[in-house]
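Colleague: Residue numbers (the working numbering): 395 to 743.
#1: Express the C-alpha separation of residue 402 and residue 396 in angstroms, rounding to a whole number.
#2: In the DSSP assignment, what are the bridge partners of residue 468?
#3: Just reading off the alpha helix (DSSP H) that residue 514 is part of, what are its end residues?
#4: To the nearest angstrom, how far is it from the Cα of residue 522 to the Cα of residue 425?
#5: Residue 622 to residue 732, Cα distance in whole Å?
#6: Closest to residue 569 by C-alpha separation, out of 620, 597 and 515, would be which residue?
#7: Determine the direct distance from the alpha carbon of residue 498 to that of residue 528, and round the result to whole angstroms.
#8: Between residue 634 and residue 443, what straight-line distance do the alpha-carbon atoms span, to the nearest angstrom?
#9: Can you tell me which of the three DSSP states residue 631 falls into?
#10: Can you tell me the Cβ-Cβ gap for residue 696 and residue 725, rounded? I've got them flagged as a contact below 8 angstroms.
#11: Any idea if residue 618 is buried or exposed, counting beta-carbon neighbours within 10 angstroms, 16 or more meaning buried?
#12: Within its chain, find whatever has a CB closer than 6 angstroms to the CB of residue 472; leave out the 5 residues flanking it on each side and keep chain order.
#13: Thinking C-beta only, is residue 638 closer than 8 angstroms to residue 507?
#14: Any idea what DSSP makes of residue 615, helix, strand or coil?
#15: May I have the straight-line CA-CA distance separating residue 567 from residue 511, to the nearest angstrom?
#16: Can you give me the C-alpha to C-alpha distance between residue 573 and residue 415, rounded to a whole angstrom?
#17: Would the beta-carbon of residue 643 fall within 8 angstroms of that of residue 557?
#18: Whose C-alpha, out of 590, 600, 593 and 575, is nearest the C-alpha of residue 581?
#19: Can you tell me where the beta strand (DSSP E) with residue 524 in it begins and where it stops?
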């Protein structure tokens with residue numbers, strides 16, 4: 395059975411650089427009750443925005459009245475192989491998705507273009523609303539129901555064609571489209587992601603406690619990182635990919651023609667001492683248009699101090715001593731901690 399629109403829409407999506415295009419109905423997400431329980435248990439930490447718009451997340455008609463279908467789209471963000479030599483300095487790790495120009499902006503144009511195609515293919519009188527990780531909807535669960543992939547034990551979506559390195563975006567539409575079948579779970583007995591997590595944030599298969607996740611502490615959290623978490627952060631300064639990197643389905647991952655032109659090599663193996671020297675204007679110039687602008691200077695330099703403190707290398711001390719005098723108290727406090735950590739380790743040798 396087909397409405398005759400699905401294949402032309404898929405072909406239009408592929409031409410625009412999307413790696414996959416699937417369809418689902420506009421009913422309540424299957425895991426809405428589980429999501430509510432996760433919020434009630436406080437697993438979201440201080441990400442208060444996740445608790446908002448519960449009524450819309452449970453009833454999509456309140457997002458777009460008359461909506462009949464959801465077009466779920468995937469865009470790979472597998473980075474190209476780096477050809478740059480390893481810098482002979484202190485380097486940190488940046489999550490793969492953040493080594494590109496901000497995906498919210500990059501995907502805006504092709505989503506608008508696909509909405510235009512829907513107007514041509516579906517005729518007038520229909521409404522289309524697109525989101526890139528910003529709408530009051532449970533996009534991962536809707537994408538799973540559409541067959542875009544299956545939810546892994548690390549709670550991220552996994553595609554048999556793209557691995558788990560892909561962005562999700564969607565178009566809500568009043569067009570009636572034939573839903574695709576959900577993708578069955580294919581994790582089997584694999585538990586690599588649980589074993590790889592350095593903080594045991596994946597408390598059990600398919601359950602993540604954000605309050606233990608390094609991505610939460612280095613990106614979402616705005617305050618002082620708890621003492622017990624700092625050593626576990628290692629050299630990660632923006633996010634953590636450990637659970638994603640070990641997924642065996644990544645052997646099928648492909649570079650994206652859409653994202654490849656906006657890859658930022660300079661965010662791979664960054665020089666942390668250079669970053670620690672950034673003032674507010676320097677920070678804005680370096681990270682404007684990237685996901686990393688989100689932490690603001692105080693958040694990123696806080697993370698840099700923690701990473702340098704975990705090196706136990708005396709060569710980082712001069713830069714940290716300077717950071718200890720930073721007028722921003724958050725940066726200064728983490729610099730003091732880093733200095734103490736390095737000196738303690740040096741004295742214990």
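Beta carbons are placed, not taken as given, at the ideal position from N, Cα and C, and that holds for glycine.
Modeller: Well, looking at it:
#1: Because residue 396 sits at a pLDDT of 47, beneath the cut-off of 50, its placement in the model cannot be relied upon, and the following sentence gives the value as read from the coordinates. Roughly 11 angstroms separates the two Cα atoms.
#2: Residue 468 pairs with 414 and 562.
#3: For residue 514, the enclosing alpha helix (DSSP H) stretches over residues 502-516.
#4: Looking at the two C-alpha atoms, the distance is approximately 24 angstroms.
#5: Computed Cα separation, rounded: 13 angstroms.
#6: Among 620, 597 and 515, the Cα nearest to that of residue 569 is on 515.
#7: Taken atom to atom, the span from the alpha-carbon of residue 528 to that of residue 498 is near 8 angstroms.
#8: Between the alpha carbons of residue 634 and residue 443 lies a distance of about 21 angstroms.
#9: It is a strand residue.
#10: Residue 696 to residue 725, Cβ: 6 angstroms. Contact.
#11: Counting the other Cβ atoms within 10 Å of the Cβ of residue 618 gives fewer than 16, which makes it exposed.
#12: So the list reads 559, 647 and 649, once near-sequence residues are dropped.
#13: No.
#14: For residue 615, the three-state secondary structure derived from DSSP is coil.
#15: Here the C-alpha atom of residue 567 lies approximately 12 angstroms from the C-alpha atom of residue 511.
#16: Annotation: residue 573 to residue 415 spans about 11 angstroms, alpha carbon to alpha carbon.
#17: A contact, by the Cβ cut-off of 8 angstroms.
#18: Nearest of 590, 600, 593 and 575 to residue 581, Cα basis: 600.
#19: Counted as a single uninterrupted DSSP element, the beta strand (DSSP E) harbouring residue 524 occupies residues 522-525.
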